[in-house]
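Numbering-wise, numbering that gives the first Met the number 0 puts 52 at position 53 of the sequence shown, and it's gapless, one number per residue. All C-beta atoms in this analysis are idealised placements derived from N, C-alpha and C, irrespective of residue type, glycine included. Here the structure is laid out as structure tokens; the discussion comes afterwards.
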Amino acid sequence: MQHPNEIFAKLLSMEQRNDIDLTALRSQLLARQAELAPLAERSHEDSRPVELDQTRVGRLSRMDALQGQAMAAETERRRHQELERIAAALKRLEDGEFGNCLSCGEPIAARRLAADPTTPLCIACAAGPSPDR
Ligand SMILES: [Zn+2]
């Protein structure tokens with residue numbers, strides 16, 4: 000028979016955050032992923048080089064088109080970044096590491112995770128090194 004303290008220590012090491020709803024956060028991440036993934040595929044086609052009929056389209060509308068393309072590229076870049084953050088957060092959930100700061104290892108505040116489940120850092124680390132440390 001195992002010593003009660005050993006069992007307790009084992010339970011503690013296996014335990015995940017109980018102040019956050021991991022199941023809800025997981026479905027939130029999956030829903031966001033499902034929402035973004037098809038958009039990311041589609042915008043890939045939109046970012047092909049701008050081909051314009053110079054005889055028909057003036058300089059201004061060509062600039063408009065280029066500007067629009069730059070904005071689309073920026074949107075796609077952000078979307079891609081968010082998808083990567085979501086994938087990383089889902090991986091941390093699977094590994095049982097979710098909810099702990101990747102930098103200092105301290106638990107990330109439940110409210111912070113509720114606002115953005117993909118956040119990998121606690122509020123102190125996200126804010127950067129404090130001057131008095
Ligand atoms: Zn931290």
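Check	Outcome
Terminal residues of the alpha helix (DSSP H) in which residue 117 lies	Element bounds for residue 117: n/a, residue is neither H nor E.
8 angstroms Cβ cutoff met for residue 28 and residue 118	no
Where residue 37 sits in the DSSP three-state scheme	helix
Residues of its chain near residue 108, where Cβ-Cβ distance is below 8 angstroms and the 5 sequence neighbours each way are ignored	121 and 122
Outcome for residue 103 when other beta-carbon atoms lying within 10 angstroms are tallied against a minimum of 16	exposed
Residues bridged to residue 99 (per DSSP)	106
Which of helix, strand or coil DSSP assigns to residue 63	helix
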